[in-house]
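Asks: Quick one: the structure is below, questions incoming.
Number of protein chains: 2
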Amino acid sequence: MIETPYLLFLGDAPDALAAKVAQGIKDWRPENCVGQFRMEGCQADLGLTDMGLEEAKAAGAKTLVIGVANRGGKISQSWKKVLVAALEEGLDLASGLHNLLQDEPDLAAVAEACGRSLHDVRVPEVDYPIASGETRTGKRVLAVGTDCSVGKMYTTLAVDKAMREAGMKSTFRATGQTGILITGDGVPLDAVVADFMAGSIEWLTPDNDPDHWDVIEGQGSLFHVSFSGVTMALIHGGQPDALILCHEPTRAHMRGLPGYKLPTIEAVRDLSLELAKVANPACQVVGVSINTQHMGEAEAAEYCAEVEKRLGLPTVDPFRHGAARLAEALAAL
Amino acid sequence: MIETPYLLFLGDAPDALAAKVAQGIKDWRPENCVGQFRMEGCQADLGLTDMGLEEAKAAGAKTLVIGVANRGGKISQSWKKVLVAALEEGLDLASGLHNLLQDEPDLAAVAEACGRSLHDVRVPEVDYPIASGETRTGKRVLAVGTDCSVGKMYTTLAVDKAMREAGMKSTFRATGQTGILITGDGVPLDAVVADFMAGSIEWLTPDNDPDHWDVIEGQGSLFHVSFSGVTMALIHGGQPDALILCHEPTRAHMRGLPGYKLPTIEAVRDLSLELAKVANPACQVVGVSINTQHMGEAEAAEYCAEVEKRLGLPTVDPFRHGAARLAEALAAL
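Encoded structure:
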């Protein structure tokens, strides 16, 4: 259990997107955030109070959460001085990065000396099974995207919230470090060993009440060559009854892949549905979630209306418009 | 990288099938085998010279490879005396068994004391990168299947051999335990952490001569819900220029999944090609490999002819007919 509240560490984030972990925690659990810590050159800003370590400790912070990701998920050497000082100041550390706090000898030694805890939420703590492919009771919805980082976690958190507000039975199922940091539970899918990926998602979304929905956070994209295998495992391990398509319209190319254009929403719809039907022939696409953060209000509304007309599916930006229409579409299934 | 040549350890194999890993090494890389080591009661015989450890060392052996599998894939206590003596004699050990050489305290201690290496080919020995998706020089062909265990390794080993016999530049790229033991090198893909799967295949098939072919061993199937993510990573990490479709016609259902029927070869062709084109728009399907081990000679020939006519692609069982026609199809690309 990670102690709250947090000081969110943004490090030397080169852009706002690099700090999406911190952004997610701030958006979904603002009550857990006392402030943000930014290093020189940091290009991300959550709008929280900038705090030093001592100030954060005085304000009640219990844990410094690394809310920024490098490509490859490494703990940067340039962060070390801050992380060591945070431990010495009396803060625990929490991280969802690939290389582990507990594997850094300097951090491990200082944590031990100061009696602090190092939380690596990415480390799988379960021996997941190999997927059986057997049908499970209850309903599942999965977010699939045209690209990485297009808003799949936001969408599923918002849908879960909207469903519960509508009196439906719903559980958000985290599959990434931010979701796990927010909910305290989930599968760190990108750190799971290949053979057990689909099995870990079966484990995460077990038999449930017939009217209960697991709202499964998506990862990667079938069209993102670095991470498509992870997406595939979610589609087959999740056995979704419903898919929500996620898109960010202003991307020039696939994230981290300058040579790759984004697919159309239609291409993601068709390919995802075909693959999902292998595990669940009844699967349907129920709606579209557009991430309009780089668009003005009118432009966003116009874009969503255009997609809604084109695909014949409820289309919203859950952040701007709420996810009630997506929840309604699921309730109608 | 496992040092060759090998002494093949057949242990106390109860029958020939138990030594199928050793058989594969002997069949595909006879030049890597100086001899075989058989314990009392061993019922397998590869037809290699029986050698003691000292004799094998004198004959140039660098590594004793455990080419036999017990029920449960365990390292037998009765083998330990030989394994320890092999290390003391100056041989490395290599194994693809479930439980690891390096987890056996006695073997680890002797290896350390003698300065020898323990190669557990189920465990990745490399920190693979995240896939960049960048185009690489040289050509690549990947085997994709309707199911697991339909003959993808056999097909790619045979195609590699046929290409080299035809004077083409070709390298078999192993992605599973047996393939790695055969060639001494490769990626144990099913044990790679999710985020690095595609990157490990990029690492395995780097830039090469424009007329060089990497022949990539396939794994799983896009239609096998337990392992489809692994297959996906091969398709996107491998960036294949060519696909070979592999099928075993007598399966009643997907391996290990009684509720799942096999897809048609056409379904595998269409889905694999669509996905492969994301990473390599020029990718083509060049041929079909049928595993006819459960069919008679006439039935096998008839089946292959029928598929060849239906799909308009060269169709062979590489075990019965050789892989020359598949190599020709690749040469013609």
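Here the protein sequences line up with chains A and B, keeping their order. Reading the first sequence from the start, the letters are residues 84 to 416 in the working numbering. Reading the second sequence from the start, the letters are residues 84 to 416 in the working numbering. Positions of the beta carbon are idealized from the N, C-alpha and C atoms, including for glycine. Predicted model only: the values in this text are computed from it and were never measured.
Whole-angstrom Cβ separation of A/Thr146 and A/Leu180, contact assumed at under 8 Å?
Replies: A/Thr146 to A/Leu180, Cβ: 15 Å. No contact.
Asks: I'd like to know if B/Val368 contacts chain A, where contact means its C-beta is closer than 7 Å to some C-beta of that chain.
Replies: For B/Val368, the answer is no, since every Cβ of chain A falls outside 7 Å of its Cβ.
Asks: Residue ranges of each alpha helix (DSSP H) run of no fewer than 4 residues wholly in the segment 225 to 308 of chain A, ordered along the chain?
Replies: Entirely contained in the segment 225 to 308 of chain A, the alpha helix (DSSP H) runs reaching 4 residues are, in chain order, 235 to 248, 260 to 266 and 280 to 287.
Asks: Taking just the CA atoms, how far does B/Gly395 sit from B/Glu385?
Replies: Distance between the alpha carbons of B/Glu385 and B/Gly395 is about 15 Å.
Asks: Less than 7 Å between CB atoms is the rule here; does B/Met236 satisfy it with respect to chain A?
Replies: False, the Cβ-Cβ gap to chain A never drops below 7 Å.
Asks: Using a Cβ-Cβ distance under 7 Å, would B/Gly216 count as near chain A?
Replies: Yes, its Cβ sits closer than 7 Å to a Cβ of chain A.
Asks: What is the rounded straight-line gap between the Cα of A/His202 and the Cα of A/Ser232?
Replies: Near 24 Å, if we compare the C-alpha coordinates of A/Ser232 and A/His202.
Asks: Cutting at 7 Å between CB atoms, please list the residues of its own chain near B/Val293, excluding the five before and the five after it.
Replies: Here residue 293 of chain B turns out to be Pro, not Val, going by the sequence shown. Contacts found: Thr220 and Gly221.
Asks: So B/Thr146 is in the beta strand (DSSP E); what residue range does that whole segment cover?
Replies: Start and end: Thr146 to Ile149.
Asks: Could you list the residues in the segment 250 to 281 of chain B with a C-beta less than 7 Å from some C-beta on chain A, going in chain order?
Replies: Correct list: Leu272, Asp273, Ala274, Val275, Val276, Ala277, Asp278, Met280 and Ala281.
Asks: Assuming B/Val148 and B/Gly94 are in contact, meaning their beta carbons sit under 8 Å apart, how far apart are those beta carbons, in whole angstroms?
Replies: Not a contact, Cβ separation roughly 11 Å.
Asks: Does DSSP put B/Trp329 in a helix, a strand or coil?
Replies: Here the sequence assigns Cys to residue 329 of chain B, which means Trp is not the residue at that position. DSSP places B/Cys329 in strand when its eight states are reduced to three.
Asks: Report the neighbours of A/Ala362 on chain B: residues whose CB is nearer than 8 Å to its CB, in chain order.
Replies: Those are Val308, listed as they occur along chain B.
Asks: Could you run through the segment 183 to 198 of chain B and flag, in chain order, every residue whose CB is less than 8 Å away from some CB of chain A?
Replies: Those would be none; no residue qualifies.
Asks: Out of B/Leu170, B/Ile373 and B/Met337, point me to the one whose CA is closest to B/Leu190's CA.
Replies: The residue with the shortest Cα to Cα distance from B/Leu190 is B/Leu170.
Asks: Using a beta-carbon distance cut-off of less than 7 Å, what residues from the segment 333 to 350 of chain B approach chain A?
Replies: Hits within the stretch, in order: Leu340, Gly342 and Tyr343.
Asks: Could you tell me if B/Glu123 is buried or exposed, where buried requires 16 or more neighbouring beta carbons within 10 angstroms of its beta carbon?
Replies: That one is exposed.
Asks: What are the start and end residues of the beta strand (DSSP E) that includes A/Leu176?
Replies: Per DSSP, A/Leu176 belongs to the beta strand (DSSP E) from Asp175 to Ser178.
Asks: In the DSSP assignment, find the beta strand (DSSP E) that holds B/Asp353 and state where it starts and stops.
Replies: No beta strand (DSSP E) holds B/Asp353; the alpha helix (DSSP H) holding it covers Ile348 to Ala362.
Asks: Excluding the five sequence neighbours on either side, which residues of its own chain have a C-beta within less than 6 Å of the C-beta of A/Ile85, listed in chain order?
Replies: Answer for A/Ile85: Thr146, Ala177 and His202, listed in chain order.
Asks: Just checking: is the beta-carbon of A/Ala359 within a distance shorter than 7 Å of some beta-carbon in chain B?
Replies: So no, A/Ala359 is outside the interface.
Asks: Report the residue from B/Ala281, B/Gln322 and B/His307 whose alpha carbon sits nearest the alpha carbon of A/Gly303.
Replies: The shortest C-alpha separation from A/Gly303 is found at B/Ala281.
Asks: Report, in whole angstroms, the separation of the C-beta atoms of A/Gly321 and A/Leu225, which I expect to be a contact under 8 Å.
Replies: At roughly 5 Å, the Cβ-Cβ gap stays under 8 Å, so A/Gly321 and A/Leu225 are in contact.
Asks: Using 8 Å as the Cβ pair cut-off and three pairs as the minimum, do the segment 268 to 284 of chain B and the segment 311 to 325 of chain A touch?
Replies: At 8 Å Cβ cutoff, the stretches touch.
Asks: How many Å lie between B/Lys252 and B/Asp324 at the Cα?
Replies: So the two alpha carbons sit approximately 15 Å from each other.
Asks: Going by DSSP, what residues sit across from B/Thr398 in a beta bridge?
Replies: Per DSSP, B/Val371.
Asks: Relative to the C-alpha of B/Leu166, which residue among B/Arg121, B/Leu129, B/Ala414 and B/Asp128 is closest?
Replies: Out of B/Arg121, B/Leu129, B/Ala414 and B/Asp128, B/Arg121 has the C-alpha closest to the C-alpha of B/Leu166.
Asks: Would you mind working out which of A/Gln119, A/Ile327 and A/Lys360 sits nearest A/Gly234, comparing C-alpha positions?
Replies: With distances taken between Cα atoms, A/Gly234 lies closest to A/Ile327.
Asks: State the Cα-Cα distance for the pair B/Met378 and B/Met337, rounded to the nearest angstrom.
Replies: Each residue's alpha carbon lies about 19 Å from the other.
Asks: Can you find a CB in chain A that lies within less than 7 Å of the CB of B/His319?
Replies: So, interface residue.
Asks: Using a Cβ-Cβ distance under 7 Å, would A/Val233 count as near chain D?
Replies: Here chain D cannot be found, since the structure's protein chains are A and B.
Asks: Any beta carbon of chain B sitting closer than 7 Å to that of A/Gly312?
Replies: Closer than 7 Å to some Cβ of chain B, the Cβ of A/Gly312 qualifies, so yes.
Asks: Opposite B/Val201 in the DSSP bridges: which residues?
Replies: The question names Val, but residue 201 of chain B in the sequence shown is Leu. Answer by DSSP bridge pairing, in chain order: B/Leu176.
Asks: Is B/Gly94 helix, strand or coil by DSSP?
Replies: Of the three classes helix, strand and coil, the one that applies to B/Gly94 here is strand, per DSSP.
Asks: For B/Arg223, which beta-bridge partners are listed by DSSP?
Replies: B/Asp297, per the DSSP bridge assignment.
Asks: Buried or exposed for B/Ala362, please, with buried defined as at least 16 other CB atoms from any protein chain shown within 10 angstroms of its CB.
Replies: Buried, because 16 or more other Cβ atoms sit within 10 Å of the Cβ of B/Ala362.
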